Amino acid sequence: MSKSLVKQEWLAEAEYLEKPLFDTVDENIKYIKSIMGESFDLVTRTLEISNEHQVIKIGLILMEGLSDSHFVNNIVLRTMTEHYSNLNEKIKSKQIIKFFHHSLLTLSNVNVANTYGYLINNLLNGDTIILIDGETEFFYVSTKGFKERSIEAPTNDISVKGSKESFTENLATNVSLLRRRMRNPNLWIKRLVVGKKTNCNIAIVYIKGVTDESLIKEVENRLNRQEIESVVDSSYIKHYLKETKHSIFPLMYDTERPDTVIGNLNEGRFAIIVDGSPFVLIAPCTFFHFLSSIEDYYNKSFVGSAFRIIRYIAVVLALLLPGFYMCIVKFNSELLPINLMYSITGQRSNVPLPSDLEIILTLFAFDLLTEAGTRMPISVGTALSFVGAIVIGQAAVEANLISSMMLIVVAVNGIGNLTIPNYDMSLTIKFFRYFILLFSLSFGLLGFTVSSFLLLIHLISLRSFGKPYLYPLAPLTTAGFWDSIIIAPLGKLLKRKNKEKLQNEKN
999 MSKSLVKQEW LAEAEYLEKP LFDTVDENIK YIKSIMGESF DLVTRTLEIS NEHQVIKIGL
1059 ILMEGLSDSH FVNNIVLRTM TEHYSNLNEK IKSKQIIKFF HHSLLTLSNV NVANTYGYLI
1119 NNLLNGDTII LIDGETEFFY VSTKGFKERS IEAPTNDISV KGSKESFTEN LATNVSLLRR
1179 RMRNPNLWIK RLVVGKKTNC NIAIVYIKGV TDESLIKEVE NRLNRQEIES VVDSSYIKHY
1239 LKETKHSIFP LMYDTERPDT VIGNLNEGRF AIIVDGSPFV LIAPCTFFHF LSSIEDYYNK
1299 SFVGSAFRII RYIAVVLALL LPGFYMCIVK FNSELLPINL MYSITGQRSN VPLPSDLEII
1359 LTLFAFDLLT EAGTRMPISV GTALSFVGAI VIGQAAVEAN LISSMMLIVV AVNGIGNLTI
1419 PNYDMSLTIK FFRYFILLFS LSFGLLGFTV SSFLLLIHLI SLRSFGKPYL YPLAPLTTAG
1479 FWDSIIIAPL GKLLKRKNKE KLQNEKN
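This note's numbering puts the first residue of the sequence shown at 999, with every later residue one more than the last.
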């Protein structure tokens, strides 16, 4: 029995997994209908084909929408009929399956099996099942032909330069996008089937000799240990593989860009493709990985480094600015320049809300607009986010509900969060922004310092498949700075990585 079939635990619990077929087409079709229920997309047909010497009855079973009915009717059936009608001798019962098997081999991938477990498995994968009356074996023809979304430009990982192709929901298409960019026999792809109910196909992609194969074994072991009920998106796999369940920081990077995946595979990481999801997972990752973009490498090194540093500053503003502003204004206003202090005090003199409630409501309103813009159509959402923020913010200031300085702080904070390339990381930063803000509102600079320190300790404790999350800062190593913090010229970067690889092989 194949490994993929063993993993389908819902089949393992069924009585028909190892049940052999009946020797009549009608009985087999009746039994299959009892398993599948009154499914309207289950197509069953019986017909007779003949030659001068004998007549045989065959049964055809397929799933409408999963199989290419045109290919089945015009190619498979026609080939079977023509080959059999031109036969000048009678075929023995045991040779009929073998005859049709060889007749169809030139058309598609054809295999023979003899249990209902295999039959149901291949039927639900889009293959066409062909039964022969008097035989307890069947053969299945690869006739997958379901509709799928065409390859389009990325909608999330947008870049000015680089590829304009993105992954789709089809596993085979996504694998082909990687193969086209890396014509290397060392690009290995392992297929697994996970989920008791959904039986989802996933592929683990890595480069033989570059990726540590112990990582691949660790991924397989974690998936085998999990009681996975269903998988409908790559985010499910991300959850099941997470090492630290209590942390909300993402430990696997997801992308819809093939060039991003290829770049990470070259650096020794692995990727996981989930059938039905256009987002491919990448691991192991560090915190700085979520702040980088593939476009950084398409520009000159100093340009890419400059934009990357801008993102680091944006993360600091998105995470710390509201808390730092409030602990200074509320508890330690003497630290401000005198003119700035008078300006802030004057602006707040007509605001009826306490500063604590003012910043929380303003942040909440900005997050509300951002979320609404995300859920709206692209053409409407962009206008809603920016125009809505400007109009509502200006109206709130004129109505003396919030101060101008508070609006500036929240706007800069929001823009900083929108600068983060990865959506999961931007949501995490939003959460910890409130965490630090609440500590700052309660204890001032002490609360700000303690909450920031606790967050730093948490980040240091995290691992992504054994790799420190804050590498190269913790543990501190200068070698990692050339690609994590800033970008070295491409030639030097490749030489450094090759040197590191040779050192690892010697060790």
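All residues carry an ideal CB built from backbone N, CA and C; glycine is no exception.
It should be emphasised that the depicted structure is a prediction, and the values quoted were computed from it without experimental measurement.
Going by beta-carbon coordinates alone, are L1175 and E1163 separated by less than 8 angstroms? Yes, they are a contact pair.
Take the Cβ of W1008 as the centre, count every other Cβ of all protein chains shown within 10 Å, and call the residue buried at 16 or more, exposed below. Residue placement at W1008 cannot be trusted, given a pLDDT of 47 that sits under 50; the coordinates are not used to answer.
Take I1326 and list the residues in its own chain whose beta-carbon comes closer than 7 angstroms to its own, dropping the five residues that flank it on each side. The beta carbon of I1326 sits closer than 7 angstroms to those of L1333 and L1334, all from its chain and outside the five residues before and after it, given in chain order.
Do you know whose CA, among A1281, M1339 and I1130, lies nearest M1403's CA? Checking every option, the nearest Cα to that of M1403 belongs to M1339.
Euclidean distance between Cα positions of E1218 and S1290: Near 28 angstroms, if we compare the C-alpha coordinates of S1290 and E1218.
Determine whether the beta carbon atoms of L1317 and I1434 lie at a separation below 8 angstroms. For L1317 and I1434, yes; Cβs fall inside 8 angstroms.
Mind checking which residues open and close the beta strand (DSSP E) that includes I1214? Run containing I1214: none in the beta strand (DSSP E); it sits in the alpha helix (DSSP H), E1211 to R1223.
Under 8 angstroms between C-beta atoms of I1418 and V1314: No.
G1057 in three-state terms, based on DSSP: G1057 sits in a strand when the DSSP states are folded into three classes.
If you follow the alpha helix (DSSP H) that R1267 is part of, which residue opens it and which one closes it? In this chain, R1267 is not harboured by any alpha helix (DSSP H), its DSSP state being neither H nor E.
Report the rounded CA-to-CA distance for T1079 versus V1108, giving the unit in angstroms. In this structure, the CA atom of T1079 is about 17 angstroms from the CA atom of V1108.
Please report the Cβ distance between G1124 and K1142, rounded to the nearest whole angstrom; I am assuming they are in contact, meaning their Cβ atoms lie under 8 angstroms. Contact flag correct, Cβ pair sits at about 4 angstroms.
Flag this pair as yes or no: are the beta carbons of L1468 and I1458 separated by less than 8 angstroms? Using a Cβ distance threshold of 8 angstroms, L1468 and I1458 count as a contacting pair.
Within 8 angstroms, do at least three Cβ pairs link the stretch 1244–1252 to the stretch 1279–1290? Segments in contact, yes.
Taking E1016 as part of the beta strand (DSSP E), name the residues at either end of that continuous run. Per DSSP, E1016 belongs to no beta strand (DSSP E) and is neither H nor E.
Please classify C1283: does DSSP put it in a helix, a strand, or coil? Here C1283 sits in coil by DSSP.
Out of N1084, V1410, S1032 and L1121, which one is the CA nearest neighbour of H1051? H1051 has its Cα closest to that of N1084, out of N1084, V1410, S1032 and L1121.
Output the distance between the C-alpha atoms of G1057 and I1027, rounded to the nearest integer angstrom. Per the coordinates, the alpha-carbon of G1057 lies some 8 angstroms from the alpha-carbon of I1027.
Distance, Cα to Cα, L1015 vs T1113? Looking at the two C-alpha atoms, the distance is approximately 7 angstroms.
Please state whether the Cβ-Cβ distance between I1127 and N1120 is less than 8 angstroms. Contact: yes.
Could you round the C-beta distance between M1061 and L1122 to whole angstroms and report it? I think they count as a contact, below 8 angstroms. The distance from the Cβ of M1061 to that of L1122 is about 7 angstroms, consistent with a contact at the 8 angstroms cut-off.
Starting from S1290, trace the alpha helix (DSSP H) both ways and give me its first and last residue. For S1290, there is no enclosing alpha helix (DSSP H), since its DSSP letter is neither H nor E.
Nearest CA to the CA of I1059: which residue from S1048, T1077, N1049 and S1037? Among S1048, T1077, N1049 and S1037, the Cα nearest to that of I1059 is on S1037.
Whether S1232 touches S1275 by CB criterion (8 angstroms): In terms of Cβ geometry, S1232 and S1275 form a close pair [threshold 8 angstroms].
Taking the alpha carbon of E1396 as the reference point, which residue from F1364, P1350, T1368 and T1426 has its own alpha carbon closest? Ranking F1364, P1350, T1368 and T1426 by CA distance to the CA of E1396 puts P1350 first.
Between which two residues does the alpha helix (DSSP H) holding E1025 run? V1023 to M1034 is the span of the alpha helix (DSSP H), which, as asked, contains E1025.
Looking at C-alpha atoms only, which residue of I1047, L1366, G1302 and S1065 is the closest neighbour of D1481? Of the listed residues, the one whose Cα sits closest to D1481 is G1302.
Exposed or buried, G1207, counting other C-beta atoms within 10 Å across all chains shown (16 or more means buried)? With fewer than 16 Cβ atoms within 10 Å of its Cβ, G1207 is classed as exposed.
How close, in whole Å, do the beta carbons of I1271 and A1201 come, if the pair is a contact with beta carbons under 8 angstroms? With a Cβ gap of about 4 angstroms, I1271 and A1201 count as contacting.
Go to A1201, then tell me how far its alpha helix (DSSP H) extends in each direction, as first and last residue. Per DSSP, A1201 belongs to no alpha helix (DSSP H); it is in the beta strand (DSSP E), C1198 to I1205.
Per DSSP, which residues does S1462 bridge with? Please list them. K1465.
Looking at S1101: is its Cβ nearer than 8 angstroms to the Cβ of T1077? Going by C-beta atoms, S1101 is nearer than 8 angstroms to T1077.
Looking only at DSSP bridge pairs, what is Y1251 linked to? The partner list for Y1251 (beta bridge, DSSP) reads I1280.
In three-state terms, what does DSSP make of Y1432? Under the three-state reduction of DSSP, Y1432 is assigned to helix.
As assigned by DSSP and simplified to three states, the class of A1397: Looking at A1397 - three-state DSSP - the assignment turns out to be coil, as it is neither helix nor strand.
For Y1310, I'd like the list of residues in its chain whose CB is within less than 7 angstroms of its CB, leaving aside the five on either flank, ordered along the chain. Spatial neighbours of Y1310 in its own chain (CB-CB distance under 7 angstroms, excluding positions within 5 residues in sequence) are listed in chain order as L1289.
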